[in-house]
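Worksheet for the structure shown next.
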Amino acid sequence: MARRIGALEAGGTKMVLAIGTTDGEILEQESIPTEEPKSTCERMIEWFAARDIEALGIAAFGPTRVDPAAPDFGHILDTPKPGWAHFDFLGTMAAGLGVPVGYDTDVNGSCLGEATFGCAQGLDNVVYVTIGTGIGAGVMVGGQLLHGMLHPEAGHIHLEMRADDPGTCICPFHDSCFEGLAAGPSIEARWGAKGVELAERDEVWDLEAHYIAQGVADFILCYAPRKVILGGGVMKQEQLFPLIREKVAANLNGYLGCEELKDLDSYIVPNSLNENQGILGCVELGRRALEA
Ligand SMILES: [Zn+2]
Numbered sequence: 063m064a065r066r067i068g069a070l071e072a073g074g075t076k077m078v079l080a081i082g083t084t085d086g087e088i089l090e091q092e093s094i095p096t097e098e099p100k101s102t103c104e105r106m107i108e109w110f111a112a113r114d115i116e117a118l119g120i121a122a123f124g125p126t127r128v129d130p131a132a133p134d135f136g137h138i139l140d141t142p143k144p145g146w147a148h149f150d151f152l153g154t155m156a157a158g159l160g161v162p163v164g165y166d167t168d169v170n171g172s173c174l175g176e177a178t179f180g181c182a183q184g185l186d187n188v189v190y191v192t193i194g195t196g197i198g199a200g201v202m203v204g205g206q207l208l209h210g211m212l213h214p215e216a217g218h219i220h221l222e223m224r225a226d227d228p229g230t231c232i233c234p235f236h237d238s239c240f241e242g243l244a245a246g247p248s249i250e251a252r253w254g255a256k257g258v259e260l261a262e263r264d265e266v267w268d269l270e271a272h273y274i275a276q277g278v279a280d281f282i283l284c285y286a287p288r289k290v291i292l293g294g295g296v297m298k299q300e301q302l303f304p305l306i307r308e309k310v311a312a313n314l315n316g317y318l319g320c321e322e323l324k325d326l327d328s329y330i331v332p333n334s335l336n337e338n339q340g341i342l343g344c345v346e347l348g349r350r351a352l353e354a
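Numbering (the working numbering), first residue to last: 63 to 354.
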């Protein structure tokens with residue numbers, strides 16, 4: 063029988079709350095703004111408590127502690143968001159609701175959603191990259207979401223800047239990283255307009271695809287995923303997909319003799335769950351917490 067699970071996709075600007083079933087059905091969904099943590103959590107606890115859930119799954123903005131063995135598991139780490147730095151997010155929600163709570167990062171949640179209900183269903187090794195206001199990668203290895211001392215911060219890998227790039231890397235930490243060169247704000251800084259206003263400018267997307275393909279090729283080499291899913295606001299520019307596939311192939315240059323890479327159209331793909339990959343990942347996080 064399908065179980066009734068609460069799902070909370072916790073973003074820096076909004077919280078998406080939903081009730082889903084372990085069959086992947088979303089029964090109800092609502093968003094509230096992310097304000098200071100105490101009142102925001104009180105409001106969310108009240109919402110979930112009124113809806114008879116068996117477990118909750120949270121996919122949170124980062125950086126956050128995802129190691130269950132760490133004393134600060136489920137805390138938000140350093141963040142400029144008022145009140146949220148070092149806040150015990152998981153503990154507050156678990157104490158307020160009294161049900162098992164699963165917890166991971168937002169982008170790992172999206173990866174899990176696609177691997178459980180979407181285009182990567184049945185695959186144990188999957189990379190999900192979100193390219194929007196920032197860049198992050200969720201990584202599943204052997205059916206488990208990848209953690210270590212922290213979660214992967216694969217949005218900040220070093221990329222080589224192309225010589226004809228008229229812009230700069232805008233990351234405050236790095237001279238030449240993926241997020242600083244290819245996230246939405248760097249597109250706007252480089253070209254003086256938002257990506258959606260630049261849809262017809264081929265040079266914008268050729269350069270953007272160049273950077274995304276560099277990052278994706280590195281993830282393929284490091285994690286050996288069976289599928290790479292690209293989501294986030296920037297990837298709404300669908301003309302990027304054929305460019306990225308072509309540049310990934312050029313970048314790998316035939317080095318990996320894998321069957322999957324012979325059909326890049328089904329290997330490098332957009333997200334498949336009508337933007338519900340994150341919330342459905344939360345449902346699966348909650349289900350796993352319930353089973354554990
Ligand atoms: Zn960086």
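Ideal Cβ positions, reconstructed from N, Cα and C, are used throughout, including at glycine. Nothing here was measured: the structure is a model prediction, and the numbers come from that model.
Just so you know, the alpha carbons of P162 and P228 end up roughly 50 Å apart. Shown here for M211: same chain residues with a beta carbon closer than 8 Å to its own, the five before and five after excluded, namely D129 in chain order. The three-state secondary structure of Y285, taken from DSSP, is helix. Restricting attention to G74, H148, A122 and R66, the CA atom closest to the CA of A111 is found in R66.
In this structure, E241 has its beta carbon less than 7 Å from a heavy atom of ligand 1.
With a minimum length of 4 residues, the unbroken runs of alpha helix (DSSP H) contained wholly in the segment 245-330 fall at 246-253, 264-285, 302-314 and 326-329. Cβ-Cβ distances below 6 Å link G200 to V169, N170, S172, C173 and Y190 in the same chain, with the five nearest sequence neighbours on each side left out; the list follows chain order.
When only Cα atoms are considered, L352 and G254 end up about 48 Å apart. The distance from the Cβ of I306 to that of A271 is about 5 Å, consistent with a contact at the 8 Å cut-off. In the same chain as L243, and ignoring 5 residues on each side of it, the C-beta atoms closer than 7 Å to its own belong to L221, M223, C231 and Y273, in chain order. Bounds of the beta strand (DSSP E) holding L89 are I88 to P95. When only Cα atoms are considered, K256 and A245 end up about 11 Å apart.
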